[in-house]
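Residue numbers (the numbering used here): 12 to 241.
Cβ atoms here follow ideal geometry from the backbone N, Cα and C, with glycine treated the same way.
In this text the structure is predicted, and so the values were computed from the model without any measurement.
Notes follow the structure.
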């Protein structure tokens with residue numbers, strides 16, 4: 012083999028190696044880009060799942076609270092859930108209802124109002140007496156309404172220091188809504204929002220609700236729903 016042939020062969024080998032390294036580098040860069048894209052999608056999906064889970068947990072807590080107001084005990088709820096537990100491959104049919112077109116929060120608010128109107132003023136739960144309740148094993152959190160005492164009529168004046176500010180319900184609105192279950196104490200609402208979001212400071216939640224000071228006040232339940240939907 013002549014010197015010129017060896018030189019040409021060496022040049023071809025170097026050129027092939029250079030192209031091979033370029034293709035390998037391009038291939039690795041493409042894989043890295045795909046990996047970053049999949050990681051981003053995974054993070055977004057995780058955040059969506061977490062947000063959906065918190066929303067479902069909040070709605071379940073409110074629905075359990077509504078069932079308690081309507082006289083359904085926790086034992087009856089658990090028994091019903093066990094009897095209708097869905098297993099892989101099984102199906103469950105749910106009867107169609109006109110309320111399916113409404114959002115859960117609208118349904119809760121409407122049914123709470125109807126429940127209060129159907130009861131006397133002495134046993135209708137007062138929103139100011141809603142409390143977070145941790146059940147037996149601590150897995151479920153719910154809002155429990157305590158009925159007002161018969162010794163305290165509906166027209167009894169509100170406690171001193173109960174402030175109404177911007178973001179909270181106005182005085183004339185709260186008086187009418189206390190008996191319909193449409194308002195909740197700012198402190199309880201802040202705890203619910205903090206629990207569902209997991210990272211929010213209670214004081215920040217109070218600010219979002221419009222309760223920027225330590226004075227007690229009442230906020231509309233729909234305001235709580237709106238903040239949980241964000």
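### CB of residue 36 within 8 Å of CB of residue 239, strictly
no
### Query
In or out: residue 220 buried (at least 16 other Cβ within 10 Å) or exposed?
buried
### Message
Taking the alpha-carbon of residue 227 as reference, which of 237, 214, 58 has the nearest alpha-carbon?
### Response
214
### Query
Buried or exposed: where does residue 21 fall if 16 or more other Cβ atoms within 10 Å of its Cβ makes it buried?
exposed
### Query
For the region 191-203 against the region 23-40, are there 3 or more C-beta pairs whose distance is under 8 Å?
no
### Query
Hey, residue 69 and residue 233: beta-carbon distance below 8 Å or not?
no
#### Entry: Neighbour-count burial assignment, residue 84, 16 or more Cβ in a 10 Å radius
exposed
#### Entry: Residue range of the unbroken beta strand (DSSP E) whose run includes residue 83
No beta strand (DSSP E) contains residue 83, which DSSP labels as neither H nor E.
### Message
Threshold first: 4 residues or longer. Then list the alpha helix (DSSP H) segments lying entirely within the region 38-97, N to C.
### Response
85-94
### DSSP three-state assignment for residue 227, whether helix, strand or coil
coil
### Query
To the nearest angstrom, how far is it from the Cα of residue 43 to the Cα of residue 60?
25 Å
#### Entry: Enclosing alpha helix (DSSP H) for residue 199 [first to last residue]
197-208
#### Entry: Bridge partners - residue 24, DSSP secondary structure assignment
DSSP output for residue 24 lists no bridge partner at all.
### Query
If you check the beta carbons only, do residue 195 and residue 230 fall under 8 Å apart?
yes
### Task
Taking the CB atoms as reference points, tell me whether residue 88 and residue 77 lie closer together than 8 Å.
no
### Query
Between the C-alpha atoms of residue 209 and residue 62, what's the straight-line distance to the nearest angstrom?
10 Å
### Query
What do you get for residue 75, buried or exposed, if any count of 16 or more other CB atoms within 10 angstroms of its CB means buried?
buried
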